[in-house]
Amino acid sequence: YATYGMTETLSHIALRRINGAQHETHFFPLEGVTLTQDTEGCLIISDPQTNDAPLHTNDLVELLPDGRFRILGRRDNVVCSGGIKLQIEEIEHKLATVIPVPFMLTYVKDERLGQALTMLYTGEAFPSELHQHCAARLGRYEVPKHFFHISQLPMTETGKPARSMAHQVAAEFYKMHSISKN
719 YATYGMTETL SHIALRRING AQHETHFFPL EGVTLTQDTE GCLIISDPQT
769 NDAPLHTNDL VELLPDGRFR ILGRRDNVVC SGGIKLQIEE IEHKLATVIP
819 VPFMLTYVKD ERLGQALTML YTGEAFPSEL HQHCAARLGR YEVPKHFFHI
869 SQLPMTETGK PARSMAHQVA AEFYKMHSIS KN
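Each step along the sequence shown adds one to the number in the numbering used here, with nothing skipped, and position 15 is 733.
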């Protein structure tokens, strides 16, 4: 089983079976926990045992009528490219089995698109090869516009992607790339 919880809930508030014949893609809330969404699609948790008021999270979810939910990603990890909202974690999940090297997605500022989806990667791969893998697996607007090879992916102390640092790294590479073109 996998559980869903956070410091603010003081415990886990939902679970899902992750293996076997009855594995689930959606979490099921524990007894007494009520879930809703805000206007942006983020999860709101009501659990009188752990919180006096509903807890608004930054987790974007697909919420089913029976209360089960699937996490799509974080609200702060949405890239708006040409008016299309792209969820970084969802796209990374689609690519996890086809990209042959460690990678993470971020964005760079773009005059035309607002934000341009960007892949940072390590290991032996050519940008054209990565682009082919992406184009074969993703929708047209989900394919990264830039591919930057770096020595090490930015990670937090707990081993999670360091998204703000990745954005800074991508911005520096983009700036160097733009200067070298001129």
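Ideal Cβ placement from N, Cα and C applies to all residues, glycine included.
Whether residue i touches residue j by CB criterion (8 angstroms)
| i | j | result |
| --- | --- | --- |
| P872 | L823 | no |
| V779 | R788 | yes |
| H851 | V816 | yes |
| H744 | C760 | no |
| L733 | A720 | yes |
| R855 | K812 | yes |
Continuous alpha helix (DSSP H) stretch holding residue i: start and end
| i | result |
| --- | --- |
| E726 | Run containing E726: none; DSSP gives neither H nor E here. |
Residue of the options minimising C-alpha distance to residue i
| i | options | result |
| --- | --- | --- |
| L781 | T754, G832, S799, L773 | T754 |
| D765 | R786, P820, L748 | L748 |
| T836 | F844, E842, L813, H864 | H864 |
| Q833 | R855, L848, I802, H811 | I802 |
| P783 | F746, P879, S882 | F746 |
| V895 | E807, T725, G738, V826 | In the sequence as displayed, the identity of residue 895 is His instead of Val. For H895, the nearest C-alpha among the options comes from V826. |
Buried/exposed call for residue i, threshold 16 Cβ in 10 Å
| i | result |
| --- | --- |
| Q805 | buried |
| G791 | buried |
| E860 | buried |
| R881 | buried |
Cβ neighbours of residue i in the same chain (closer than 6 angstroms, five flanking residues each side left out)
| i | result |
| --- | --- |
| H885 | T824 |
Same chain only: Cβ atoms within 8 angstroms of residue i, ignoring 5 sequence neighbours per side
| i | result |
| --- | --- |
| R830 | G800 |
| I762 | L753, T754, Q755, D756, P772, L773, H774, T775 |
| I736 | Y719, A720, E742 |
| D828 | S799, A834, K863 |
Unbroken beta strand (DSSP E) run spanning residue i, endpoints
| i | result |
| --- | --- |
| I736 | No beta strand (DSSP E) contains I736, which DSSP labels as neither H nor E. |
| A834 | 832 to 839 |
7 angstroms CB neighbourhood of residue i in its chain, flanking five on each side removed
| i | result |
| --- | --- |
| A843 | P818, V819 |
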